[in-house]
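Undergrad: Pasting in a structure now, in structure tokens, and then I'll have a few things to ask.
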Amino acid sequence: MRFLIIIPAHNEENNLPFTLDSLQQQSFKDFKVVVVNDGSTDGTSEVIRKYTDHDSRFETIDLQKSAHQPGSKVVNAFKNGLNTQDIEEFEIICKFDADVILPEDYLGTVENAFRNNPKYGLVGGLLYVEKDREWIYEGNSNKHHVRGPMKAYRKESFIEMKGIRETLGWDNIDAILLENLGWKEVVLPELHVKLIKVKGADYTIKPADYYGRYFYFLGLNRFLAYVASSKEAAKSKSAAFFFSIIKSYENCRSQNLELKISKEEQKTINNQRWNMLKKKWLKL
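According to this note's numbering, the stretch in the sequence shown is residues 812 to 1095, in order.
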């Protein structure tokens, strides 16, 4: 099974070499990489050229700098890279970040998982970050969810869910839609992917605004959005944080901002969240 790997990159001259080196060092060799240079103003283009000039599996495209909005920016860059390729030439479509280091057996292990399990639609490893000179599990999500920096989709599942959405929350929307279509999301815990920088560190959006917008663009109805907001506020033990999230969510509703999911997909997402909530209540 052949891989198509799309890597959006904006000002990643210090991190990108680690990612591209780890791809060149893969034991599985049948892949193509497209690095999307999204308006970088540092030496990212020079870094990319060192690989494209000497390895025919590496290509690049250049974009004008897009607005730095969490979620939509990176997916826009990904789609621009994807549109330059004939996906019929590939069996696995990947969206990787420009600041990850993959173990040498990453692609081979993922390929083997897809080949031996026809219902696997989305596969990935676990993210690790450096702390006190040791690599530890990131822990920002449950260990059954494939995180945004290392998504690998079976082509058929990717096409069936109509690709990833150019919106905040895209890396949760994909998993929900795939599950509803009968595909499985699978994390391979033996694959440790090193994340060089902390996600979200370069976002200017405030946390409360982020969560409010996230719950809105995820398509959550008011009740589920308020429940989710209360959970986030409970973590910080702040009632003010709850009301700030709600304010952000309601602002999005009042502006009737465009969702990148259909009404039917929105219903699917709400049903999935509601079922998760009922399971937790039953446990109580």
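All C-beta atoms, glycine included, are put in the ideal place defined by N, C-alpha and C.
For valine 885, which of helix, strand or coil comes out of DSSP?
TA: Numbered from 1 along the sequence shown, position 74 holds the residue referred to as residue 885. Looking at valine 885 - three-state DSSP - the assignment turns out to be helix.
Undergrad: Give me the Cα-Cα distance between alanine 1044 and alanine 1019, rounded to the nearest whole angstrom.
TA: Here the question's residue 1044 lines up with position 233 in the sequence shown. Here the question's residue 1019 lines up with position 208 in the sequence shown. Going from the Cα of alanine 1044 to the Cα of alanine 1019 covers about 9 Å.
Undergrad: From the DSSP output, in three-state form, read off valine 845 for me.
TA: Position 34 of the sequence shown, counted from the start, is the residue given in the question as residue 845. If DSSP states are grouped into helix, strand and coil, valine 845 belongs with the strands.
Undergrad: Taking all protein chains shown into account, decide if phenylalanine 969 is buried (16 or more other Cβ within 10 angstroms of its Cβ) or exposed.
TA: For the purposes of this step, residue 969 is taken as the residue at position 158 of the sequence shown. It is buried - the Cβ of phenylalanine 969 has at least 16 other Cβ atoms within 10 Å.
Undergrad: Would you identify the three-state DSSP class for threonine 895, choosing helix, strand or coil?
TA: Against the sequence shown, residue 895 aligns to sequence position 84. Coil.
Undergrad: Is it buried or exposed for methionine 972, if we count other Cβ within 10 angstroms and need 16 for buried?
TA: Here residue 972 refers to the residue found at position 161 of the sequence shown. Per the 10 Å Cβ criterion, buried.
Undergrad: Distance check for tyrosine 1021 and glutamate 915, CA to CA, integer angstroms please.
TA: On the sequence shown, residue 915 is found 104 positions in, with the first residue counted as 1. On the sequence shown, residue 1021 is found 210 positions in, with the first residue counted as 1. The alpha-carbon atoms of glutamate 915 and tyrosine 1021 are separated by roughly 35 Å.
Undergrad: Looking at C-beta atoms only, is the number of pairs between the region 932 to 947 and the region 992 to 1002 that lie closer than 8 Å three or more?
TA: Counting Cβ pairs under 8 Å, three or more are found: they touch.
Undergrad: By the 10 Å Cβ neighbour count, where 16 or more other Cβ atoms means buried, how is methionine 961 classified, buried or exposed?
TA: Within the sequence shown, the letter at position 150 stands for residue 961. With 16 or more other Cβ atoms within 10 Å, it is buried.
Undergrad: Quick one: residues in its chain with C-beta nearer than 6 Å to the C-beta of tyrosine 1025, no 5 flanking neighbours on either side, listed in chain order?
TA: Taking the first residue of the sequence shown as position 1, residue 1025 is located at position 214. The answer, listed in chain order, is Leu979, Gly980.
Undergrad: Select from Arg958, Gln896, Arg813, Val847 the residue whose C-alpha is nearest the C-alpha of glycine 919.
TA: Position 108 of the sequence shown, counted from the first residue, corresponds to residue 919. It is Arg813 whose Cα lies nearest to the Cα of glycine 919.
Undergrad: Is glycine 1011 helix, strand or coil by DSSP?
TA: For the purposes of this step, residue 1011 is taken as the residue at position 200 of the sequence shown. For glycine 1011, the predicted structure reports a pLDDT of 49, less than 50, and the residue's modelled location is therefore unreliable. The matter cannot be settled from this model.
Undergrad: Can you tell which of Thr1079, Trp946, Leu992, His955 has the C-alpha that lies nearest to the C-alpha of histidine 1003?
TA: Sequence index remark: in the sequence shown, residue 1003 carries index 192 (1-based). Closest option to histidine 1003, Cα to Cα, is Trp946.
Undergrad: Identify the continuous beta strand (DSSP E) that holds serine 869 and give its terminal residues.
TA: Start at 1 with the first residue of the sequence shown, and residue 869 comes out as number 58. The question names serine, yet the displayed sequence has phenylalanine at residue 869. Counting along the chain, the beta strand (DSSP E) containing phenylalanine 869 begins and ends at 869 to 874.
Undergrad: So, with DSSP's three-state summary, where would you put arginine 1064?
TA: Locating residue 1064 in the sequence shown gives position 253, counting from the first residue. The answer is helix: DSSP assigns arginine 1064 an H, G or I state.
Undergrad: Quick one: using the 10 Å Cβ neighbour count with 16 as the cut-off for buried, is glutamate 900 buried or exposed?
TA: Taking the first residue of the sequence shown as 1, we reach residue 900 at position 89. By the neighbour-count rule (16 or more Cβ atoms within 10 Å), glutamate 900 is not buried but exposed.
Undergrad: Would you call the region 1073 to 1089 in contact with the region 886 to 901, where contact means no fewer than 3 C-beta pairs closer than 8 Å?
TA: No: fewer than three Cβ pairs fall under 8 Å.
Undergrad: Bridge partners of tyrosine 931, per DSSP?
TA: Translated into positions along the sequence shown, residue 931 becomes position 120. In the DSSP output, where bridge partners are listed per residue, tyrosine 931 has Lys995.
Undergrad: With DSSP run on the structure shown, which of helix, strand or coil describes lysine 1046?
TA: Translated into the one-based positions of the sequence shown, residue 1046 becomes position 235. Correct three-state label for lysine 1046: helix.
Undergrad: How big is the Cα-Cα spacing for tyrosine 964 and glutamate 922?
TA: Taking the sequence shown and counting its residues from 1, one reaches residue 964 at position 153. Taking the sequence shown and counting its residues from 1, one reaches residue 922 at position 111. Those two C-alpha atoms are separated by around 10 Å.
Undergrad: For asparagine 1032, which three-state DSSP category applies?
TA: Walking along the sequence shown from the start, residue 1032 turns up at place 221. Coil, per DSSP.
Undergrad: With distances taken Cα to Cα, identify the nearest neighbour of asparagine 848 among Phe925, Glu857, Lys1074.
TA: To locate residue 848, count along the sequence shown from 1; it is residue 37. Ranking Phe925, Glu857, Lys1074 by Cα distance to asparagine 848 puts Glu857 first.
Undergrad: For glutamate 977, which of helix, strand or coil comes out of DSSP?
TA: Along the sequence shown, read from residue 1 onward, the residue named residue 977 stands at position 166. It is coil, neither helix nor strand.
Undergrad: Are the Cβ atoms of alanine 1039 and arginine 976 separated by less than 9 Å?
TA: Here residue 1039 corresponds to residue number 228 of the sequence shown, with the count starting at 1. Here residue 976 corresponds to residue number 165 of the sequence shown, with the count starting at 1. Against a cut-off of 9 Å, the Cβ pair of arginine 976 and alanine 1039 comes out as no contact.
Undergrad: How about leucine 992 and glycine 932: are their beta carbons less than 9 Å apart?
TA: As a first step, residue 992 must be located in the sequence shown, where it is residue number 181. As a first step, residue 932 must be located in the sequence shown, where it is residue number 121. Yes, the pair counts as a contact, with Cβ atoms nearer than the cut-off.
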